[in-house]
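Notes to accompany the following structure.
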Amino acid sequence: MSVTLGIFGGIMAVTLGITYWAARRTRTTSEFYAADSRLTAAQNGFALAGDWCSAAAFLGFSGLTALYGMDGAFYALGPLVAFCTVLILVAEPLRNTGKFTLGDVILDRMQKPTALLAAIAGTVVVNFAYLMPQMAGAGVLVKLLTGVPYELAVVLVGAAMIVYVAFGGMLATTWVQIVKAILMLAAAAIILMLVLAAVRFDPLMLFQRAEARYGPQFLSPGNYLKNPFDQISLGLGYVLGLAGLPHVMTRFYTVPDAKTARRSVVWVMFLAGSFFAATTLFGLAGADFVGQDAIRAADRGGNLTLPLLAQYLGGGAGSWGGDIMLGFVSAVAVATILAVVSGLTLSTSTAIAHDFYVNWIKGGHVEGRQEVWIARVSSVIIGVLAVALGILAQGVNVAVLVILAIGIAASANFPVLILSLFWRRFNTAGVVSGIVVGLVSSVVLAMMGPAVQGADAVWPLVNPTIVSMPLGFIGAILGALLAGRDAENESRFDGFSHRLHIGAAAE
Amino acid sequence: MLRTFDRATRENRTNLDGNAVAISINVDTPVGAEQRAPAVAPSTATLIKAKIRFFTPMIVIYMVGYIGLTALAGFAQGFMAVKVVGALNIGFLLIAGNYVLSLIIALAYIRTANTILDPMVQNIVADFRRTGAPR
Chain Z
1 MSVTLGIFGG
11 IMAVTLGITY
21 WAARRTRTTS
31 EFYAADSRLT
41 AAQNGFALAG
51 DWCSAAAFLG
61 FSGLTALYGM
71 DGAFYALGPL
81 VAFCTVLILV
91 AEPLRNTGKF
101 TLGDVILDRM
111 QKPTALLAAI
121 AGTVVVNFAY
131 LMPQMAGAGV
141 LVKLLTGVPY
151 ELAVVLVGAA
161 MIVYVAFGGM
171 LATTWVQIVK
181 AILMLAAAAI
191 ILMLVLAAVR
201 FDPLMLFQRA
211 EARYGPQFLS
221 PGNYLKNPFD
231 QISLGLGYVL
241 GLAGLPHVMT
251 RFYTVPDAKT
261 ARRSVVWVMF
271 LAGSFFAATT
281 LFGLAGADFV
291 GQDAIRAADR
301 GGNLTLPLLA
311 QYLGGGAGSW
321 GGDIMLGFVS
331 AVAVATILAV
341 VSGLTLSTST
351 AIAHDFYVNW
361 IKGGHVEGRQ
371 EVWIARVSSV
381 IIGVLAVALG
391 ILAQGVNVAV
401 LVILAIGIAA
411 SANFPVLILS
421 LFWRRFNTAG
431 VVSGIVVGLV
441 SSVVLAMMGP
451 AVQGADAVWP
461 LVNPTIVSMP
471 LGFIGAILGA
481 LLAGRDAENE
491 SRFDGFSHRL
501 HIGAAAE
Chain B
1001 MLRTFDRATR
1011 ENRTNLDGNA
1021 VAISINVDTP
1031 VGAEQRAPAV
1041 APSTATLIKA
1051 KIRFFTPMIV
1061 IYMVGYIGLT
1071 ALAGFAQGFM
1081 AVKVVGALNI
1091 GFLLIAGNYV
1101 LSLIIALAYI
1111 RTANTILDPM
1121 VQNIVADFRR
1131 TGAPR
């Protein structure tokens, strides 16, 4: 524990130093919201990896594989494939059309405050559904790893996140995410080397030993998600939902042009992809070296598989190497949470300050310096709210919120974004109906499903996306068609589409 | 194959030069309900067509590959459990294949964008600079 606190203290010192440095470079709106769009592809790629790999990825995937075999490997694969959608359909168009947010893109396309309001709703609901379980997870994890009480852990994580975002804006958030990504990859590389050394560099041995100990069913699909349609629904949620997550979209405004945006996606695909693939080997190694019983005894969900595996590889409990490895991995897990909640807080406060206050209430008539001040205040408010919700969430099953965040992103934000970008006839009515139908159907289906109702739920699927995503598309398209044609809106599509494909160079 | 793409790009350039006048006409013409084609300036329309042509197969490949694999995991569990090398089964091999496939798609996208689409964009931008036509 003292090792964890020591390493974590080091991480805090570095990130607060970064924040001090970033705060002196954060004065304009563009600097606060988007790091002045001056990041390189590699920087944004690392930051994307830091943004996207939550504790659920860092700890959860290994745990699922250790306890449920192949289904854990499926959980790890989806988040990588999802970047294909981001790369091909949204990264460059977002960079070319928006300024800081999803709301900017929708407002640019529709020129109607009502459409902007729908985009704000999609952003804030998804971000909070994502942020709340992260805060709750932070409390549980920090308590497990360091012994600090739950409430204090949530408050400490919240305080650090507020300091990063309110003072350092996007620049500090980005570098916190980069530091976390480097630490995460370093931890993974060390563990991978030790695992491979333990099986004499024959990864097949991991499969062999897992099968010998837990039987062939362990390496077959269907141990975690029993319903095949749930498996497909989860996959769809990942592959389309990532492109609808506002805090991921925001990252594409931190680079100067479409070319850098696309290169940063390839960076994150190689970085996160190799990490996700490694978690499958970690899970198998954990099941073999640590054992499922010991993993379950430490945490029923398997979330401590990776720290326990690191401890084993370092020499076991009580040994000098084991303590160092356990401390290191635990500290990286906390850094992981900090990076993700900072990104979410920044994205949410940008939507509140820039989209809601400045563009919706004030019609865009706010002076730049004043807007930065508003954004800083709103990040403090969002942060305090997140801490309060995190404390309230103690002991509540927050898993359904993670399912909701992905489901709403895939069923409301994704259809509306894609249709806004590429469909001439899409209009404000379509934006509103798409967001409403996607949001309501995701929430209703998730609430009716086993995640809330238990095993005897009427609706059999945990993940709503397989039904709610088509409903979101149908709602958006029907809404647009029923509202009738808007010649002025359609004629503006030419200019919008031109910017989308050509970029700012032609303006 | 790449050589063909290059030729196509060069043809587009001549197309663009030839279309410079057409663009300004198109912009001046009010866009009414019946007079709506071409949708965008012709050069941009060519770019969009090229994107649709290159990106559609990519999207179909990774979506079918990934969703197909999750479907196999749900409906063909016996097949996924067939052992190939030692305890390693078809399921894990297909998952590994899907990692590789995603990265190949990403690299194919980058290559297409860098070698075919970016030159088209540069031509369009150069064209606008030369003719001063608004977007």
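Residue numbers (the working numbering), protein chains in the order written: chain Z, 1 to 507; chain B, 1001 to 1135.
Glycine is no exception: its CB is placed at the ideal position from the N, C-alpha and C atoms.
Keep in mind that this is a model prediction, so the values were computed, not measured.
### Query
Interface residues of chain Z around residue 1103(B) at Cβ under 8 Å?
Counted from its first residue, the second sequence places residue 1103(B) at position 103. Chain Z residues near residue 1103(B): 269, 270, 273.
#### Entry: chain Z contact for residue 1098(B) (CB, 7 Å cutoff)
Along the second sequence, read from residue 1 onward, the residue named residue 1098(B) stands at position 98. Yes, contact with chain Z.
### Query
Using the C-alpha atoms, what's the distance from residue 177(Z) back to residue 265(Z)?
The sequence position of residue 265(Z) within the first sequence is 265, counting from 1. The sequence position of residue 177(Z) within the first sequence is 177, counting from 1. Looking at the two C-alpha atoms, the distance is approximately 15 Å.
### Closest Cα partner of residue 440(Z) within the set 149(Z), 413(Z), 85(Z)
Taking the first sequence and counting its residues from 1, the one referred to as residue 440(Z) is at position 440. Here the closest residue by C-alpha is 413(Z).
#### Entry: Nearest residue (CA-CA) to residue 332(Z), options 184(Z), 268(Z), 438(Z)
If you number the first sequence from 1, residue 332(Z) lands on position 332. Measuring from the Cα of residue 332(Z), the nearest candidate turns out to be 184(Z).
### Message
Please give the ranges of any beta strand (DSSP E) in the stretch 304-374 of chain Z, keeping only runs that are unbroken, at least 3 residues long and fully inside the region.
### Response
Counting whole runs of 3 or more residues, the stretch 304-374 of chain Z contains no beta strand (DSSP E) stretch at all.
### Query
Measuring CA to CA, which of 338(Z), 165(Z), 74(Z), 190(Z) is closest to residue 328(Z)?
Numbered from 1 along the first sequence, position 328 holds the residue referred to as residue 328(Z). The residue with the shortest Cα to Cα distance from residue 328(Z) is 190(Z).
### Task
State the CB to CB distance for the pair residue 392(Z) and residue 281(Z), rounded to an integer number of angstroms; the pair is presumed to be in contact (CB under 8 Å).
To locate residue 392(Z), count along the first sequence from 1; it is residue 392. To locate residue 281(Z), count along the first sequence from 1; it is residue 281. Incorrect: roughly 38 Å between the Cβ atoms, too far for contact.
### Task
Answer with buried or exposed for residue 202(Z), where buried requires no fewer than 16 other C-beta atoms within 10 angstroms of its C-beta.
As a position in the first sequence, residue 202(Z) is number 202, starting the count at 1. So residue 202(Z) counts as exposed.
#### Entry: contact_flag[the stretch 144-155 of chain Z, the stretch 409-428 of chain Z] where n(CB pairs < 8 Å) is 3 or more
The stretch 144-155 of chain Z is not in contact with the stretch 409-428 of chain Z.
### Query
According to the Cβ coordinates, are residue 351(Z) and residue 106(Z) closer than 7 Å?
Counted from its first residue, the first sequence places residue 351(Z) at position 351. Counted from its first residue, the first sequence places residue 106(Z) at position 106. Not in contact: residue 351(Z) and residue 106(Z) (Cβ atoms no closer than 7 Å).
### Task
Go through its chain and collect everything with a Cβ distance to residue 1105(B)'s Cβ below 7 Å, but skip five positions before and after it.
Along the second sequence, one-based indexing puts residue 1105(B) at 105. Excluding sequence neighbours, residue 1105(B) sits near 1058, 1061, 1062.
### Task
Measure the alpha-carbon distance for residue 475(Z) versus residue 486(Z) and round it to whole angstroms.
Walking along the first sequence from the start, residue 475(Z) turns up at place 475. Walking along the first sequence from the start, residue 486(Z) turns up at place 486. In a straight line, the C-alpha of residue 475(Z) is about 18 Å away from that of residue 486(Z).
### Query
In the structure shown, what three-state DSSP assignment does residue 245(Z) receive?
As a first step, residue 245(Z) must be located in the first sequence, where it is residue number 245. DSSP places residue 245(Z) in coil when its eight states are reduced to three.
### Query
Below 7 Å between beta carbons: does that hold for residue 340(Z) and residue 133(Z)?
Here residue 340(Z) refers to the residue found at position 340 of the first sequence. Here residue 133(Z) refers to the residue found at position 133 of the first sequence. Going by beta carbons, residue 340(Z) and residue 133(Z) fall outside the 7 Å limit.
### Task
Would you mind telling me which residues of chain Z sit closer than 7 Å to residue 1084(B), beta carbon to beta carbon, in chain order?
On the second sequence, position 84 is the one that residue 1084(B) refers to. Ordered by position in chain Z, no residue passes the 7 Å Cβ test against residue 1084(B), which lies about 10 Å from the chain.
### Task
Starting from the beta carbon of residue 1095(B), find every residue of chain Z whose beta carbon is closer than 8 Å, and list them in chain order.
Here the question's residue 1095(B) lines up with position 95 in the second sequence. What residue 1095(B) touches in chain Z: 70, 73, 74, 77, 280.
### Query
From this set, 9(Z), 161(Z), 271(Z), which residue's C-alpha is nearest residue 79(Z)'s C-alpha?
By one-based count along the first sequence, residue 79(Z) stands at place 79. The shortest Cα separation from residue 79(Z) among 9(Z), 161(Z), 271(Z) belongs to 271(Z).
### Query
Three or more C-beta pairs closer than 8 Å, one from the stretch 412-431 of chain Z and one from the stretch 92-104 of chain Z: is that the case here?
Yes, the stretch 412-431 of chain Z is in contact with the stretch 92-104 of chain Z.
### Message
Applying the 10 Å Cβ sphere with the 16-neighbour rule, what's the burial state of residue 1006(B)?
### Response
By one-based count along the second sequence, residue 1006(B) stands at place 6. Per-residue confidence for residue 1006(B) stands at a pLDDT of 41, beneath the threshold of 50, marking its modelled position as unreliable; the derived number appears in the next sentence. Classification of residue 1006(B): exposed, given that the 10 Å Cβ count is below 16.
### Task
Assign residue 227(Z) to one of three DSSP states: helix, strand, or coil.
Against the first sequence, residue 227(Z) aligns to sequence position 227. Three-state DSSP puts residue 227(Z) in coil, outside helix and strand.
### Query
Taking DSSP as the reference, what is the three-state secondary structure of residue 492(Z)?
As a working note, residue 492(Z) is residue 492 in the first sequence. Reduced to three states, the DSSP call for residue 492(Z) is helix.
### Task
Starting from the beta carbon of residue 1110(B), find every residue of chain Z whose beta carbon is closer than 8 Å, and list them in chain order.
On the second sequence, residue 1110(B) is found 110 positions in, with the first residue counted as 1. Within 8 Å Cβ-Cβ: 262, 263, 266.
### Query
Is the Cβ of residue 207(Z) closer than 7 Å to any Cβ of chain B?
Along the first sequence, read from residue 1 onward, the residue named residue 207(Z) stands at position 207. Output row for residue 207(Z): interface = yes.
### Query
Is the CB of residue 1029(B) under 7 Å away from at least one CB in chain Z?
The count along the second sequence starts at 1 and reaches residue 1029(B) at position 29. The predicted position of residue 1029(B) is uncertain, since its pLDDT is 38 and thus under 50; a value taken from the coordinates is nonetheless stated next. Residue 1029(B) does not count as touching chain Z.
### Task
Mind listing the chain Z neighbours of residue 1123(B)? Cutoff is C-beta to C-beta under 7 Å, in chain order.
Within the second sequence, residue 1123(B) is the residue found at index 123, counting from 1. None at all; the shortest Cβ gap to chain Z is about 10 Å.
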